[in-house]
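As structure tokens, the structure follows; a few thoughts come after it.
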Amino acid sequence: MLLTVFAISAQQSYWTNYTFIVEPENEATVFKLIDDYFKEHKTEGVTVSLYANHFHDEDNTATHMIVFSGSLDALGGMYATDNGDAWDLLGARLDHHIKDGSGARMGTTKQAYGDTEGDYPIQKYYILDVEDAATMVEGLNKFNAKHKPTGRAVMMGNITSGISSEGENHWVIAGYKDFKGAMAGAGAGLTDKQKAARDADWKTFQDTNGGVRMVRSGLRVRLGQW
12 MLLTVFAISA
22 QQSYWTNYTF
32 IVEPENEATV
42 FKLIDDYFKE
52 HKTEGVTVSL
62 YANHFHDEDN
72 TATHMIVFSG
82 SLDALGGMYA
92 TDNGDAWDLL
102 GARLDHHIKD
112 GSGARMGTTK
122 QAYGDTEGDY
132 PIQKYYILDV
142 EDAATMVEGL
152 NKFNAKHKPT
162 GRAVMMGNIT
172 SGISSEGENH
182 WVIAGYKDFK
192 GAMAGAGAGL
202 TDKQKAARDA
212 DWKTFQDTNG
222 GVRMVRSGLR
232 VRLGQW
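Our numbering applies: residue 12 is where the sequence shown begins, and numbers increase by one.
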């Protein structure tokens with residue numbers, strides 16, 4: 012289940028994604044096809060990212076996800092432009108090596124917190140069903156202002172199309188520099204007192220967030236970005 016590219020920029024606030032299943036023996040070929048194409052065919056203002064869906068539940072069957080992100084004008088321009096024979100050829104070649112598609116979505120990015128200048132290829136993702144979005148965003152802003160992420164970055168946004176019967180409409184991504192940071196989580200480097208204060212404030216957020224239900228979570232690894 013694909014969310015959004017973790018490219019942190021106020022101008023890159025829209026995204027689309029496509030998830031698919033690749034057998035292990037075809038992974039290198041699929042990467043090379045995508046890498047070769049986007050090295051030569053770049054849409055101005057659009058970031059393309061390829062991820063492997065590393066940790067996931069048994070119903071979350073996608074092995075890979077490709078994400079396009081950018082401003083409304085840039086992303087809209089990409090979809091309005093016919094990329095011609097080269098794009099058609101890429102699709103035809105990929106069809107021979109992708110076992111199946113598993114979904115497509117679009118949405119926006121609302122907020123970013125923490126060290127937003129860093130590079131975070133290891134990303135925990137959380138898919139949420141939010142009843143009161145305004146209350147949830149206000150609470151998350153308040154929490155992260157008091158407990159600013161360090162050594163990582165957190166982003167959140169919504170899903171506007173491609174919603175399943177589970178009703179998911181928002182997402183949160185926590186980006187880390189490596190697996191060690193992802194395993195240590197948000198409490199890494201905090202004293203016992205700091206952890207206790209953070210846990211108490213997180214409990215307050217959970218109790219007053221306007222109704223947030225976890226639909227799915229996992230961890231993805233960025234394989235390439237163009």
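Ideal placement from N, C-alpha and C gives every residue a C-beta, glycine not left out.
If you're wondering where the values come from, they're calculated on a predicted model, not measured in any experiment.
Asked                                                                                                                                                         : Found
Hey, is the region 119-134 in contact with the region 168-176, meaning 3+ C-beta pairs nearer than 8 Å?                                                       : yes
Which two residues bound the contiguous alpha helix (DSSP H) that contains Y90?                                                                               : L83 to A91
With 16 as the cutoff for other CB atoms within 10 Å, does T27 come out buried or exposed?                                                                    : buried
Cutting at 7 Å between CB atoms, please list the residues of its own chain near E177, excluding the five before and the five after it.                        : D140 and V226
Buried or exposed: which applies to F31, given that a residue is buried once 16 or more other Cβ atoms fall within 10 Å of its Cβ?                            : buried
Between which two residues does the beta strand (DSSP E) harbouring L201 extend?                                                                              : It is not in any beta strand (DSSP E) - L201 carries neither H nor E in the DSSP assignment.
So, I135 versus F216, is the Cβ gap smaller than 9 Å?                                                                                                         : The question names Ile, yet the displayed sequence has Lys at residue 135. No. Outside cutoff.
Anyone know if the C-beta pair for G125 and A164 falls short of 9 Å?                                                                                          : yes
Can you give the beta carbon distance from Q236 to S24, rounded, assuming they're within the 8 Å contact cut?                                                 : Actually they do not touch by this definition, with Cβ atoms about 17 Å apart.
Quick check on F79: buried or exposed, where buried means 16 or more other Cβ atoms within 10 Å of its Cβ?                                                    : buried
According to DSSP, simplified to helix, strand and coil, what is Y137?                                                                                        : strand
Give the single residue among D106, A185 and D99 whose Cα lies nearest to the Cα of G129.                                                                     : A185
Taking 8 Å as the limit between beta carbons, can you name the residues of its chain near T40, skipping five residues before and five after?                  : H108
Could you tell me if G81 is buried or exposed, where buried requires 16 or more neighbouring beta carbons within 10 angstroms of its beta carbon?             : buried
Distance check for V183 and D143, CA to CA, integer angstroms please.                                                                                         : 15 Å
Can you say whether A103 is buried or exposed, counting buried as having 16 or more other CB atoms within 10 angstroms of its CB?                             : exposed
Candidates D70, D47, G192 and A199: which alpha carbon is nearest I133's?                                                                                     : G192
Here's a check: name, in chain order, each residue in its chain whose Cβ is nearer than 7 Å to the Cβ of N94, leaving out the five neighbours to either side. : H52
Which ranges would you report for the alpha helix (DSSP H) in the region 90-173 if only whole runs of at least 4 residues count?                              : 95-106 and 144-157
Closest to T161 by CA distance: which of T146, D210 and L201 is it?                                                                                           : L201
What did DSSP end up calling T58 once you bin it into helix, strand or coil?                                                                                  : strand
Between the Cα of Y62 and the Cα atoms of D68, I45, A208 and A97, which residue gives the shortest distance?                                                  : I45
Within 10 angstroms of its Cβ, does L13 collect 16 or more other Cβ (buried), or is it exposed?                                                               : Any reading at L13 needs caution, since the residue's pLDDT is 37, under 50, leaving its predicted position unreliable; the model's value is listed next. Buried, because 16 or more other Cβ atoms sit within 10 Å of the Cβ of L13.
Hey, G229 and N71 are a contact pair by Cβ (cut 8 Å); roughly how many whole angstroms apart?                                                                 : 6 Å
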